[in-house]
Amino acid sequence: MTRRNSQRDLVELSEELIYNIQYSIRLWSVRRRETIQTLRSLADELMEHHKNVHIAKVSGSSASIGGFVLLATGFGLAPVTFGASVILSAVGGAMCGLGGATVAGSSIAEWNIFKQSLQLRR
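Under my numbering, the very last position in the sequence shown is 1423; numbers go up by exactly one each time.
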């Protein structure tokens, strides 16, 4: 009888082990899906921010180039206009500075957004 009880205990123990393994696999599967969903939403969010930052960088660079053109034109016309076009150079210099600040600010903003997004997801 002991042998029969021992076999019955072994069968019960193996069934319990199989049930626990199946439960763990189901739980892991649910958590895996949640993790994948979180990572996909994070990737979408970061791509949207990256796109916006890229637009800001292109706009800032374009403003800087336009400002340089005004700056060079103003200095180039200074002898002909007896210095009146220096105002144009000042405007061009301001545009160059603001365009550069826009590029720098968008780079800093992108870095901060990326850092905050990763901290929030942890």
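Note that beta-carbon positions come from the ideal geometry of N, C-alpha and C, so glycine has one too. Note that the structure is predicted; figures quoted are calculated from it, not measured.
Cα separation between residue i and residue j?
i	j	result
TRP1329	ASN1321	12 Å
GLY1398	LYS1358	13 Å
LEU1343	SER1315	42 Å
SER1307	ASP1345	57 Å
ARG1341	ILE1388	51 Å
PHE1415	ALA1385	47 Å
PHE1369	GLY1401	11 Å
GLU1411	THR1339	20 Å
With DSSP run on the structure shown, which of helix, strand or coil describes residue i?
i	result
GLY1384	coil
ALA1405	helix
LEU1399	helix
ALA1391	helix
ALA1379	coil
Can you tell me the Cβ-Cβ gap for residue i and residue j, rounded? I've got them flagged as a contact below 8 Å.
i	j	result
GLY1375	GLY1393	6 Å
ALA1364	MET1396	5 Å
Quick one: is residue i near chain B, going by C-beta distance under 8 Å?
i	result
ASN1321	Considering every chain present, this structure includes no chain B. It has just one protein chain.
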